[in-house]
Structures are given as C-alpha cells and as structure tokens.
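Residue numbers (our numbering), protein chains in the order written: chain L, 924 to 1086; chain D, 30 to 778. C-beta: ideal position from N, C-alpha, C; glycine also.
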Amino acid sequence: MSKIHVTTSVNGDAVEFLCDPRETLLDVLRDRLHLTGAKEGCGTGDCGACSVTLDGRLVCSCLVLGAEAEGHEIGTIEGIANGEELHPLQQKFIEHAALQCGICTPGILVATKALLEKNPDPTETEVRYWLAGNLCRCTGYDKIIRAVMDTAADLRSDMKEAT
Amino acid sequence: MSLDDVKTSGFKYVGTSPDRPDGVDKVTGRAKFGADAYAAGMLHGAIVRSPHAHARIISIDTTKAAAAEGVKAIVTRADFHTDLSGENWNIMENVMAGDTALYDGHAVAAIAATSVLAARDAAKLVEVTYEILPHVTDVDEAMAQGAPIIRAGAADNSVPDGLHPNVVRYHESGHGDVDAGFAEADLVIEDHFRTEATHQGYIEPHACLGTLGGDGKGEMWCTTQGHWNVQKICSALLGMETSQLRVTASEIGGGFGGKTTVFIEPVALALSRIANRPVKIVMSRSEVFRASGPTSSTSMDVKIGMKKDGTITAAKGVFRLQGGAFPSAPMEFTAMCAFAPYNLSNVKQIGYDVMANRPKQAAYRAPGSPMAAFAVESVIDELCKELGLDPIDTRLKNASHEGTKASYGPTFQRIGLVETLEAAKAHPHYSAPLKPGQGRGISCGFWFNFGGETSVSLALSMDGSAQIVVGTPDIGGSRASMALMAAEELGIPYENIRCTIADTASLGYNEVSHGSRVTYASGLATIKAARDAVKKLCGRAAAKWGIDPEAVDWVDGCAVPSGPNAGDFDPMPIAEICKRMGSTGGPIVGHFEASPEGAGVSFATHIVDAEVDPETGKTSIVRYTVVQDAGKAIHPAYVEGQYQGGAAQGIGWALNEEYIYGKDGRLQNDVFLDYRIPVASDLPMIDTVIVEVPNPGHPYGVRGVGETSIVPPMAAIANAVSQAAGVRMTELPMSPPRVLKAMDDAKGG
Chain L
924 MSKIHVTTSV
934 NGDAVEFLCD
944 PRETLLDVLR
954 DRLHLTGAKE
964 GCGTGDCGAC
974 SVTLDGRLVC
984 SCLVLGAEAE
994 GHEIGTIEGI
1004 ANGEELHPLQ
1014 QKFIEHAALQ
1024 CGICTPGILV
1034 ATKALLEKNP
1044 DPTETEVRYW
1054 LAGNLCRCTG
1064 YDKIIRAVMD
1074 TAADLRSDMK
1084 EAT
Chain D
30 MSLDDVKTSG
40 FKYVGTSPDR
50 PDGVDKVTGR
60 AKFGADAYAA
70 GMLHGAIVRS
80 PHAHARIISI
90 DTTKAAAAEG
100 VKAIVTRADF
110 HTDLSGENWN
120 IMENVMAGDT
130 ALYDGHAVAA
140 IAATSVLAAR
150 DAAKLVEVTY
160 EILPHVTDVD
170 EAMAQGAPII
180 RAGAADNSVP
190 DGLHPNVVRY
200 HESGHGDVDA
210 GFAEADLVIE
220 DHFRTEATHQ
230 GYIEPHACLG
240 TLGGDGKGEM
250 WCTTQGHWNV
260 QKICSALLGM
270 ETSQLRVTAS
280 EIGGGFGGKT
290 TVFIEPVALA
300 LSRIANRPVK
310 IVMSRSEVFR
320 ASGPTSSTSM
330 DVKIGMKKDG
340 TITAAKGVFR
350 LQGGAFPSAP
360 MEFTAMCAFA
370 PYNLSNVKQI
380 GYDVMANRPK
390 QAAYRAPGSP
400 MAAFAVESVI
410 DELCKELGLD
420 PIDTRLKNAS
430 HEGTKASYGP
440 TFQRIGLVET
450 LEAAKAHPHY
460 SAPLKPGQGR
470 GISCGFWFNF
480 GGETSVSLAL
490 SMDGSAQIVV
500 GTPDIGGSRA
510 SMALMAAEEL
520 GIPYENIRCT
530 IADTASLGYN
540 EVSHGSRVTY
550 ASGLATIKAA
560 RDAVKKLCGR
570 AAAKWGIDPE
580 AVDWVDGCAV
590 PSGPNAGDFD
600 PMPIAEICKR
610 MGSTGGPIVG
620 HFEASPEGAG
630 VSFATHIVDA
640 EVDPETGKTS
650 IVRYTVVQDA
660 GKAIHPAYVE
670 GQYQGGAAQG
680 IGWALNEEYI
690 YGKDGRLQND
700 VFLDYRIPVA
710 SDLPMIDTVI
720 VEVPNPGHPY
730 GVRGVGETSI
740 VPPMAAIANA
750 VSQAAGVRMT
760 ELPMSPPRVL
770 KAMDDAKGG
C-alpha cells in the first residue's frame, strides 16, 4: 500500500514523515519519529497514556491518524520542559511522589498542563473529572491530585507577583 | 538477627522522602519502558490466538501467511523445546498451545514481519482448523460432576479421591478442634462468598525485544518484575544454556504480580532464531486481558463461632480457586492468610485448586489473600453486628501478637497488628459521624512477605561517590530506598549515590520483584554490601595509619581511629580514601549475596465510608483510611503510595472490576472501557497512617509494604456497603446492578 507524505510540526520543530494510512499519530510519534514519551496503554482512547495536544487541544494520539497531523501543531511530553528547566508540573510531580511506575505520567502531565492553561484555579473535583480519562494503576491518584493543585496554586501566586 | 541488632533511631537519611533518582526521566518521557526499544533490522511480531474457549487444534496452515509481504518467520509449538516438565511445561503450554487451545485468547502461532501492520495482516491469513470442545469457566461448575475435563491426569497426589479431575491440588491446615470450638460459641455464622477474577491492570502492556542468533547467544529486553526468571524460563523453553541469554529489564510500567512470568518473550526469541533478526512484540490491551494473568475467581464458605464477649471460639474456611487451564491458583495462600490476623485455638482451612477454560492466573498483589479477607472479615462483621460488639474492639480482643501460634503453623515473632488496630481506633475517621445512606466498614489484612535470592554490589568511585547495582526491577521507587539505605551506611549524601538495575550478566541471580521483598531483601543486601565496602575503606585507612583495621570506626563518611588510637590521626574522608584506591589495593567494592529469611509478616487495618445510592445501587467511596505496619518506612512518601495504590486497586476489585465470560466461553470485556478500573473521579483522597513495629529480620526493621495494602479493601468496603444498603453483600464486585438486586430482594424477601 502506498504511503502518505505528511508535513507537520512537533513541539515547534518542522517534521516530515511517510506513513501508512492506517497508522495512528501515536504509531508515527513512536515508531517513525522515535518520540516514545507518549505511551500506548490501550489503543482505544480509554487510558490517556498517549495524550498529546493537536493545535493546543488535548487528544488521545491513538485515536488520531498520522495522516491527520498534516498542517497541524503537535505537542508532546518531550516538549513540556524548557531545555533542562522542568515545567512546574513536572517538578511538583517529582516532589509529591506523584508517580510510581511512571508509565501514565507523560499523559497525565500533558493533560494537566492543558487543564491549567484552560482553568488556572480548578477545584479538586474539576481536576479529578478532567483526569478521568487518564488511568493510573499505581498511585490511587491522591498524590497526583495534590501535585496538580499545588502547581496550580504556585502558578497563580507567580501570576499575581508578575502583575 | 535479634531485635537488639536492629537500628530503629538516629537516622540521617532513612525516613526522609527525597526526589527519586529516575524522576526527571519519568516526567520528561525519556525513561525507556518495554515498548520503547528499537534495533537495527528489527522485525515486529504478531500472535494468532484461539477464538474458542476449548478446542482441539486439527491443523495450522501457514501457507498464505508465509507468502504475505514482509513476513520473515512463523512459529508454532513445534518450534520450541520439547523435553519439558513441571512448571516449565505449564508455562510453555500457556505461551503457545500444543494440541489443544485451552482458553479464549490462547496463542497458537506467531508471525514476524517487517512492520506491525504487515505482521498483523499476515496473522489473519493463518488458517487454523479447530474441533470445538465443551468448556467450563466457572469454578463451582468446573468442580461439578460431568464438567468438561480440562486435562486428565493434571492432579497431584494431594487431591483426595472422588473429586473431579479439574481439582488439581488440595490444601488443608489448622490446629485445635473446630467442632468443639463451634460448640462453645454463643453464635455461629456461616456464609458463602464468591469473587470474580480481576486483572492486575498495569497500564503498560507486555512488550519485549528479543534477538537469538545462530551462535546460540541471545539478548532480551523486556518489561518484567524479574529478568533472571525470564532468563531461566526462556532458555528452558528455547532449549539453550541459561547463561547464553542475557536479559535486560526495561523500566516497568506496573506489574502487581502480573509480570512475574513470561508470555511473549520466548515467542520473540523463537521468531528471531528463525529470521536471524531482532523481533519486537507488544501486546494489545485486548491481548493483555485475554491472555496474560488475571487473578483467580473464587467460591468460598466461611464459618466462625463467637462468644457474647467477642471471643472467637473456632473458625473454618473452604476456599475454591479457579486458576485457569493450569494448576496454579494460589489457594494455599488464601487458606493460610484467611485467619492469620487472629489468635485462634481452633481453626481449619481447606483449599482447592481448580482448572477451568481461562488464562493461567498470575500473581496479583498478595495473591489469594484479599479474597479470604473478604469472606472472613465479612463474617466477623456480621457476628459483631448480631452481638452488638464494636468491630475494632472485637478484633483487638482476638488479634494475633508476638507468640501467637499462627493459623497457618508458625509462631509469630514481633508483629504489628494490635498497633494498627489501636491506631485505627484512635483515628478521627473512626469516630466521625456518618450521613444517612452511608456505612462504615473496617477490615484487617495479612500478608507473609518474602525474602528470596538476592545479590547486590556497591562500587565506590574515585571521587567518593557510590554506585549500587541491584537485580530487582524498580516498580514503585525502590531505587530511592536503596540509595537512602546506602547513604545511611556510607555517611555520604543521598545525591552522591546512583542505583542501577543490572542485567542478568552483571550480577548474581535475583529473585523476582514480588512478595513485597525488594525494600526488605535488596535493602538488606544493600546495607550489608555497604558495610562490606565500609570495612574495606576502614582497612585502607588503617594501612595508611599503620594501625589495626579493627581500631578504625566509620563516622559520617570518614574513617576515624578509635580505641587506643583515638585522636591520633585526623578523620580520613571517603573521597580521600577512594582517590588513592588504585595504589592502595585496587577498586573498593562491597557486595552481598544471600537468600534472607527474616521477612517480617505485615498487617493492616482499613477504615472506609461508603454511600449507596438506593435508586441506582451505585456505591461511592466517601472516605478511606489505611493503617499499616511498615516496620520502618525508608522513603515514607513511597510507602504511602503503596498504601494508597493498594487501596485504590481494592476499591476497583470491590465495586467494578470483573472478568465477564459469555456462554461461548469468550471474554466479553477485554478493553478498559468495559473492564472498568478506578479513575480519578471515582476516588476520594486516601488517608494513610504508617505504623512502625520493627521487623527483627532487617537491619533497620523494614517490612515489605506492597501487598498487604490490597488485602483489607474488599472486606472493609463490603462491610460498609452492607451497612449502607441494609443487606449483606457476599459477591464481588458489588456493581450497581448487584447491589440494587440485593436491596430489592431484601425488601421483597
């Protein structure tokens, strides 16, 4: 079967690839671009381990075809830190022991970053419902929720200081 | 080791919760898990699986598949070693069916091709002719007269005469006279309980990358809880020498016991041996559910007698566990753990291991114990209710303590059950008011914990920093714990230590990361390896000073002269000794190898408040508190994490999770949408209390914490739901339809 040529942007870098029409964006990110931070936990959009942003919108990359990336901007876990400087969420997840095995962590970080950009002051319930599409089997979510709430509070006080 | 030798105070690093060493890798996406490995010339594997619950394999025609584009190798059972017996034969049969497909999803052939899609397309072209056989998936039905026989002659000699051939192992233990004990009771309650199989539900599917060349040498990268075990089993199934296969454990995306065996690893090696290229196999989620280890389903009868003052006079349990189409259900653990929290004069427990047409069960966090606790703690709750007794006081009255002859035989050393019950009683949760429609449940839980073969090496660098090499894959932050213990012994900062999981060629045999053994056994070995290194460091200083090595102490990372030489020389820091190691005797490496046998048993008490919606039968967990004995918490934040994670998995098991088989014997809910594990919006915060009653078998008193945390939740939740719903719930999961029906039946009845 002939392959499709796709031009897109990943974490701000211009990217070109050839893919089978059946390949998902997750397949392409991992197997063609070797950005393996996004994980396949289910392949059916239930676990959120493959979360990425498509033009800023949170999506499961296992439910997007690679060919659909044409002309769009993709954001992955690999693009969250600024060089050596971790994003505040990444720092807080480590501090709060909000990961055990770490397989769900990239997806949860991508998802929570998207949440805080939309809603800088979420309630615990809002965080829990926003993350209901990101499965974690190790932590019971307790420390994840605390890390997110703590990051949000810090970011809000940074914003206040800046204004 | 006696308790006097256990260090319980004065720690500098142990008991703090620093950032984990693999933290940055894991928050940036850099950490390499099972599916994240690639190799030049790599092929992709796909597995052909039986759509039938039980079927004779008449023929496998691979002609069309072999001719498909990109296909480089095809294997069936004929491509594996034939001279196997015992558990190796069972694992081989589970990895790739022989004459008969034994469950829906059982592997029958495998393909390696140049892309994932090519492999999957070719797998569909493999033509398997089956003769469908009668099947059975329910534990009670599998034991009943006339049930289809899974495999004749599979039973061992423990099984009494007259039982169905699907009953393959039998266990009986206890002490005293239960009939006499029941006669002494003021109230005897007996009930029947059932639990459905659940899956460990790790988010990372099984994944591996294997290479096996014509020279007989192999390489395997895989996600596993124990890579020496992978090496041992794969080499046996491939008919090669163990040492010729080197296995490297990837970062592991959850295991919970389910990654203590092999499924796809031998298949990748067999394909690679034919294709002479590396082969990667990654399971889909559906394959994980259908063909990797779920836990056993159970059918249980528990009978307990109690006096009016709460004294238990006798207890008896019969535990029937279905473990799939192989002898493997952990029924002896179920039986042995069932009454372990209680100091009983008369106790008897019986276990049956029953085969059925389901995947081979695999360990799941305290395998077998949570089901027993569900049954036993439900009956105790009912007795307390009937006799008007406080559930914690009643458990305290009967609690096992140091010197108790355990229900399963041995005499307990220092244990912490009483302390967890007292802490639970004192916790504000226990006395907080409940709202209408809510119930409060409590339960105790027990797990043995384990030691096992352990080998650790600790090498010092010339700048005085240290690298620890352990052989137990780090599932929940154990590298941080190892570094903390080494920092404590060496007297150098936590940050100056790097802990790595060695491959099988780089260290002696290490038992799997299971049995809550890692912080206990690898921790003990790390401490002993560090002490070995310290002895050598002191020896170098002694030689330099020209004094007896015995007259040198190690204090805060420095060699210090002691005894008659005290004050004669300035303390010599570790960096100074290490800088000159090359000219003072060579590299300084501490090591330790043993099978430590002092893993202290572990107890927990959980308190849970549940609210039941009378309209829908849906249960919400509104408050949850875990109280558990850790012996000594090395990294308290990750100990809390184990407590919270176990509770969350228990909540899923109690309320939602179950394997649902259709009449055709096929699994009907093989995706996360239908097999519903708890999501963030299902759960409250999970409060934790770390009780520390030192284990005399570890230098710092550590007890494993990973498994006990999943033992009490189902019972505690069942007790809370039964109170809230006004009817005793005896079957898991307590899904909304089941609770609603029980409430309706109770009203109607």
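Check                                                                                                                          : Outcome
Pairwise C-alpha distance: residue 1017 of chain L and residue 232 of chain D                                                  : 19 Å
Per-residue burial, residue 1006 of chain L [other beta carbons within 10 Å of its own, 16 or more giving buried]              : exposed
Local conformation of residue 305 of chain D per DSSP, three classes                                                           : coil
Cβ of residue 952 of chain L within 8 Å of any chain D Cβ                                                                      : no
N- and C-terminal bounds of the beta strand (DSSP E) containing residue 942 of chain L                                         : 936 to 942
Three or more C-beta pairs below 8 Å linking the region 679 to 699 of chain D and the region 588 to 595 of chain D             : no
Any chain D beta carbon closer than 8 Å to residue 1028 of chain L                                                             : yes
Range covered by the alpha helix (DSSP H) that runs through residue 449 of chain D                                             : 446 to 455
Pick from L/990, L/973, L/1039, L/1026 that is closest to residue 941 of chain L, judged by C-alpha positions                  : L/990
Option in D/620, D/159, D/349, D/123 with minimal Cα separation from residue 169 of chain D                                    : D/349
Chain L contacts from the region 65 to 85 of chain D (Cβ-Cβ distance under 8 Å)                                                : 65, 67
Residue 787 of chain D, buried or exposed, once every other Cβ within 10 Å from all chains shown has been counted against 16   : Because chain D in this structure spans residues 30 to 778, residue 787 of chain D falls outside the shown range and cannot be described.
Contiguous beta strand (DSSP E) assignments of at least 3 residues, all confined to the region 933 to 992 of chain L           : 936 to 942, 974 to 977, 980 to 983
Chain L residues whose Cβ lies nearer than 8 Å to that of residue 512 of chain D                                               : Chain L residues near residue 512 of chain D: none, gap ~15 Å exceeds 8 Å.
Per-residue contacts from residue 715 of chain D into chain L (C-beta, under 8 Å)                                              : 1063, 1065
Residue from L/961, L/985, L/1065 with nearest C-alpha to residue 1001 of chain L                                              : L/961
Same chain, Cβ closer than 7 Å to residue 765 of chain D, five either side skipped, listed in chain order                      : 645, 646, 647
Three-state secondary structure (DSSP) of residue 640 of chain D                                                               : strand
Chain-ordered chain L contacts of residue 749 of chain D [CB-CB under 8 Å]                                                     : Neighbours of residue 749 of chain D on chain L: none; closest Cβ ~17 Å, over 8 Å.
Run of the alpha helix (DSSP H) containing residue 56 of chain D, from where it starts to where it stops                       : 52 to 57
DSSP beta-bridge partners of residue 380 of chain D                                                                            : D/200, D/348
Interface flag, residue 253 of chain D vs chain L, CB-CB below 8 Å                                                             : no
Residues, ordered as in the chain, of the region 944 to 972 of chain L that lie near chain D by beta-carbon distance below 8 Å : 945, 946, 950, 953, 954, 957, 958, 959, 960, 961, 962, 963, 964, 965, 966, 967, 969, 970, 972
Sequence-distant residues of its chain with Cβ nearer than 7 Å to residue 311 of chain D (five each side left out)             : 64, 234, 236
Minimum Cβ-Cβ distance from residue 1024 of chain L to chain D less than 8 Å                                                   : yes
Assigned secondary structure, residue 527 of chain D (DSSP; H/G/I helix, E/B strand, else coil)                                : strand
Chain D within 8 Å of residue 941 of chain L, Cβ atoms only                                                                    : no
Spatially closest choice to residue 301 of chain D from D/273, D/221, D/142, by CA coordinates                                 : D/142
Beta bridge counterpart(s) of residue 469 of chain D as assigned by DSSP                                                       : D/638
Contact the region 514 to 526 of chain D vs the region 449 to 465 of chain D: 3+ CB pairs below 8 Å                            : no
At least 3 beta-carbon pairs within less than 8 Å: the region 463 to 470 of chain D vs the region 628 to 644 of chain D        : yes
Cβ of residue 1009 of chain L within 8 Å of any chain D Cβ                                                                     : yes
Chain L residues whose Cβ lies nearer than 9 Å to that of residue 55 of chain D                                                : 1016, 1017, 1022, 1024, 1025, 1026, 1028, 1029
Minimum Cβ-Cβ distance from residue 49 of chain D to chain L less than 8 Å                                                     : yes
Short CB-CB distance (under 8 Å) between residue 1088 of chain L and chain D                                                   : Residue 1088 of chain L falls outside the range modelled here, since chain L spans only 924 to 1086, and no answer is possible.
Identity of the residue in D/336, D/352, D/342, D/340 nearest residue 325 of chain D by Cα                                     : D/352
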